[in-house]
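Engineer:
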């Protein structure tokens, strides 16, 4: 009889323990579910922001390609011959007569080629916004492109200024009163060159922001 009574006493204790465990399990499970839901939302927001930056980068990069190509073509086709002289004695102005303008054409052609080649890397950054390697390559070469485009555009702007206004101290005449078409093309090329510089600076800033968000 004592054994049966002890058995009857132990069974409710086990039942009570199992009930307590069953009662605690949903609470623990619910707590874990709440703690995991917050980081998922934060990560999704960061992914969306980085992808938006990458898309904007691609749009600016295509615009920079158009500006750089326009500057190259405009300067490369700057050529004018004054019509009121004989075929044996003519005044002619061409971009390759000035080393600065020739350097501008070469530099902007290099920048244009680089920007075209960089478009696939920009697309990779859209597909994989968290990738660091393509973004690092873009910011390094974008900085080099800014340097090259700025030097070419700045030097050409100085020559273009002299072509429009001349210099009495150096006895340099303003030739744009005669070579109007030539000067219009060179001026347009310089403006397009500086537009490329501005777009490249924005690209460098965007890459820096994208890299900063990784930390």
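Numbering (UniProt numbering), first residue to last: 1 to 215.
Yeah, the Cβ is synthetic: ideal placement off N, Cα and C, and Gly gets one too.
Under three-state DSSP, which class holds residue 77?
Structural biologist: Residue 77 falls in the coil class under three-state DSSP.
Engineer: Where do the ends of the beta strand (DSSP E) carrying residue 93 lie?
Structural biologist: Its beta strand (DSSP E) spans residues 92-94.
Engineer: What does a CB cutoff of less than 8 Å around residue 102 pick up in its chain, not counting 5 residues either side in sequence?
Structural biologist: Only 95 and 96 meet the Cβ criterion.
Engineer: Out of 202, 178 and 80, point me to the one whose CA is closest to residue 142's CA.
Structural biologist: Looking at the Cα atoms, 202 is the closest of the given residues.
Engineer: Could you spell out the range, first to last residue, of the alpha helix (DSSP H) harbouring residue 129?
Structural biologist: That residue, residue 129, is in no alpha helix (DSSP H); it is neither H nor E in DSSP.
Engineer: Which partner residues of residue 167 appear in the DSSP bridge assignment?
Structural biologist: According to DSSP, residue 167 bridges with 172.
Engineer: For residue 199, name the three-state secondary structure that DSSP assigns.
Structural biologist: The answer is helix: DSSP assigns residue 199 an H, G or I state.
Engineer: Around the Cβ of residue 301, are there at least 16 other Cβ atoms within 10 angstroms (buried) or fewer (exposed)?
Structural biologist: Since the first residue of the chain shown is 1 and the last is 215, residue 301 is not available in this structure.
Engineer: Hey, how far is the Cα of residue 155 from the Cα of residue 100?
Structural biologist: Roughly 7 Å separates the two Cα atoms.
Engineer: So, helix, strand or coil for residue 178, using DSSP?
Structural biologist: Here residue 178 sits in coil by DSSP.
Engineer: Helix, strand or coil: how does DSSP classify residue 120 here?
Structural biologist: Of the three classes helix, strand and coil, the one that applies to residue 120 here is helix, per DSSP.
Engineer: Taking C-beta to C-beta, are residue 179 and residue 71 nearer than 8 Å?
Structural biologist: Cβ atoms of residue 179 and residue 71: not closer than 8 Å.
Engineer: Residue 74 and residue 188 - do their beta-carbons sit closer together than 8 Å?
Structural biologist: A contact, by the Cβ cut-off of 8 Å.
Engineer: Should residue 220 be labelled buried (16 or more other beta-carbon atoms within 10 Å of its own) or exposed?
Structural biologist: Residue 220 lies beyond the stretch modelled for the chain, which goes from 1 to 215, so this question has no answer here.
Engineer: Could you check how far apart the C-beta atoms of residue 173 and residue 122 are, in whole angstroms? I think they sit under 8 Å.
Structural biologist: About 46 Å; that fails the 8 Å criterion.
Engineer: Contact check, residue 68 vs residue 196 under 8 Å by CB: the rounded distance?
Structural biologist: Confirmed, Cβ separation roughly 5 Å.
Engineer: According to DSSP, is residue 2 part of a helix, a strand, or is it coil?
Structural biologist: Note that residue 2 has pLDDT 44, beneath the 50 cutoff, so the model's placement of it is unreliable and the number below is only indicative. The answer is helix: DSSP assigns residue 2 an H, G or I state.
Engineer: Please report the straight-line C-alpha distance between residue 181 and residue 82, rounded to a whole angstrom.
Structural biologist: Cα to Cα, residue 181 sits roughly 10 Å from residue 82.
Engineer: Quick test of your reading: residue 60 and residue 139, contact by CB under 8 Å. State the CB separation rounded to the nearest angstrom.
Structural biologist: Not confirmed; about 13 Å, so no contact.
Engineer: Using DSSP with H/G/I as helix, E/B as strand and the rest coil, what is residue 99?
Structural biologist: Note: residue 99 maps to helix in three-state DSSP.
Engineer: Nearest-angstrom Cα distance between residue 50 and residue 163?
Structural biologist: For residue 50 and residue 163, the distance between alpha carbons rounds to 46 Å.
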